[in-house]
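Everything in the sequence shown is counted per the working numbering, starting at 1467 for the first residue and increasing by one. By construction, the Cβ of each residue, glycine as well, lies at the ideal position given by its N, Cα and C atoms. All remarks here apply to the structure that follows.
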Amino acid sequence: MLTGERYRESLRDGRVVILDGRRVDDVTKAPELAGAIDWVADTYDRYVSTPSGAHPMYDIPASVGDLRRRIEVLLDCDMTASLSAAVLALASSRSPLSAADTRYGERIDVFIEECRRNDWRVAEAITDAKGDRMLPPSKQHDPDAYLRVVERRPEGIVVRGCKMHITAAPLVHEIVVLPTKQMKRGEEDYAVAFAVPANTPGLTTVAVTTAPRQRDERDFPVSRHHAVPDGTLLFDDVFVPNERVFLAGEVEHSSTLAHALGTWERTSSIAGSAREADLLVGLAQLVAESNGIERVPHIRDKIAELIIYATMVRAGVEAALNAAYGEGDDLRPDELFTNVTKCFASMHYHSMLRNLQDIAGGLVLTAPSHADLDDEEIGDQLRRYLQASPSMSGTDRLRIFHAVRDLTADALGGWHMVAKIMSGGGMYAQKMVARNHFDMAAARRSAAQAIGLDLPTRP
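What follows is the structure, encoded as structure tokens:
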């Protein structure tokens, strides 16, 4: 298994990364990526020795207890651990893909074992550029709007296109590429799934990050450590050897992988949402105490709403752990509760931020910097006027306000607000899955019986 230092060394592999319009020759030396790399390296150091000899994020759950342990591991690790959802999606899809071609299942097994043995981190690459949203892949004005196979060779395939919104793209070793949707007959070249190293020839990562730039880190207590970069991946005639191809033209299985990834990614997401909801409650209580208003009725009411939100999300996670077996006897979280909880957490997140910001007040945006407190002429005055409660110093109150701003009202806060809606395929996709798994027939019968209605037969 890798140590944090060996992880850093593994990123110096010649990968092509563009950040802010410049080529980053060594991502470990880019200050904008330093906090995220430190976060991942810390996870490596803490898990360098495990009984199984592999990171537990790659353990395929076989029981409800295993699922619970997976959630605990994800909450204890950096963001890249949750991206192992891509590997679990491959494992969950092994049986149906093997039915199409036994070699696909064999290749999936080999790849998963490589990830475990080499202690790799992976990224999920599923969303295409898409071009005109009203047109299918085969009718696009630009045929590369969806990533596709442009050449088939005896030893592999050549792909071209773009994948967007790739979390942690500059920080991982392998890119797992999956179809973004169900492809139809005539779209065989777009029904493709594979894995390639992050430094594979022809692959360029265009990175973005909300990490603070050239600013006092004390003013960014969250994002200085936990701002994870995203990336747009450009595939310029990238060769993929056969042993790394998991789907190549079988359109009937193109949605299998996307659906499996959605389940595992949303499970990771709701676990993170539960932790974040607890954090919002804690910050609301702290900022109320720092303002000296923690006993005011309407403040207590807003905090109660935050508590209800946090508890409902946590309850949804617990319900999702009532696992079921999918095709091929793979264990999956309950899809109804997973998707409902993901949608619920997303729908109400902005309202919860409003509560926190309303409790805090205008200093969320106008609080002086920590450097201002260091000023010999005005520092003492600022500390004096920043203090609102005898139980908390002006300095500590300032720290709380910078944390609220950093998490909810600055660059990282904006990232969370959008990511909460878009991650896991968007809320409409989650509503569709929830509707498909809800027992509508039973609900319909119950309603009919309640009003004494002879239930008509549905066509």
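- Our two residues, Pro1645 and Ile1917, have alpha carbons roughly 46 Å apart in a direct line.
- Residue range Asp1696 to Pro1707 is occupied by the beta strand (DSSP E) that includes Thr1698, with no alpha helix (DSSP H) assigned at that position.
- Of the residues assessed, Asp1796 falls on the buried side of the cut-off, its CB having 16 or more other CB atoms within 10 angstroms.
- Each of Thr1807, Tyr1510 and Arg1560 was checked against the Cα of Thr1469, and the nearest Cα belongs to Tyr1510.
- Ile1632 sits in a strand when the DSSP states are folded into three classes.
- Taking Leu1873 as reference, the option from Leu1746, Pro1707, Glu1755 and Glu1654 with the minimal CA-CA separation is Leu1746.
- For Asn1805, the number of other beta carbons within 10 angstroms of its own is at least 16, and it is reported as buried.
- Cβ atoms of Val1704 and Thr1676 stay farther apart than 8 Å, at about 28 Å.
- The alpha-carbon of Lys1808 is positioned some 30 Å away from that of Glu1760.
- In the structure shown, Met1467 falls within a coil segment according to DSSP collapsed to helix, strand and coil.
- Secondary structure at Thr1646: coil, using DSSP grouped into helix, strand and coil.
- In the structure shown, the three-state DSSP call for Val1482 is strand.
- The C-beta distance from Glu1590 to Val1642 rounds to 6 Å, short enough to meet the 8 Å contact threshold.
- In this structure, the beta-carbon distance from Ser1548 to Ser1734 falls below 8 Å.
- Below 8 Å, enough C-beta pairs join the segment 1628-1637 and the segment 1483-1499 to call them touching: three or more.
- Ranking Asp1841, Pro1678 and Tyr1894 by CA distance to the CA of Leu1878 puts Pro1678 first.
- The three-state reading of DSSP puts Ile1641 in strand, counting E and B together.
- Taking C-beta atoms under 8 Å as the contact rule, Thr1861 and Leu1839 qualify, at a distance of about 6 Å.
- Counting only runs of 3 or more residues that sit fully inside the segment 1542-1599, the beta strand (DSSP E) segments are 1588-1591, in chain order.
- For Glu1755, the closest C-alpha among the options Ala1740, Ile1825 and Arg1488 is that of Ile1825.
- Taking 8 Å as the upper bound for CB-CB distance, Val1506 and Asp1544 are in contact here, some 5 Å apart.
- Going by DSSP, Phe1686 is part of no beta strand (DSSP E) at all; its letter is neither H nor E.
- Looking at the backbone, the Cα of Ile1773 and that of Asp1744 are separated by about 8 Å.
- Assignment of beta-bridge partners to Gly1622 by DSSP yields Arg1619 and Pro1707.
- For Leu1669, the enclosing beta strand (DSSP E) stretches over residues Leu1669 to Val1674.
- Residues of the same chain with a CB within less than 7 Å of the CB of Glu1621, apart from the 5 flanking positions on each side, are Pro1707 and Asn1708 in chain order.
- Across the structure, Gln1853 and Gln1823 are spaced so that their CA atoms are roughly 18 Å apart.
- In this structure Ile1537 is buried. Its beta-carbon is surrounded by 16 or more other beta-carbon atoms within 10 angstroms.
- DSSP places Arg1761 in no beta strand (DSSP E); its state is neither H nor E.
- For Phe1577, the closest alpha carbon among the candidates Val1530, Ala1776 and Arg1560 is that of Arg1560.
- When rounded, the separation of the alpha-carbon atoms in Met1858 and Asp1846 is 15 Å.
- Each residue's CA atom was taken as its position, placing Ser1835 and Ser1689 some 16 Å apart.
- Annotation for Ala1826: the continuous alpha helix (DSSP H) segment containing it runs Glu1801 to Ala1826.
- Sequence-distant partners of Phe1810 (beyond 5 residues in either direction) whose C-beta falls short of 8 Å from its own C-beta, in its chain, are Met1778, Val1779 and Gly1782.
- The bridge partners DSSP lists for Tyr1791 are Leu1797.
- Between the segment 1649-1659 and the segment 1711-1719 there are three or more inter-stretch CB-CB distances shorter than 8 Å, so the stretches are counted as touching.
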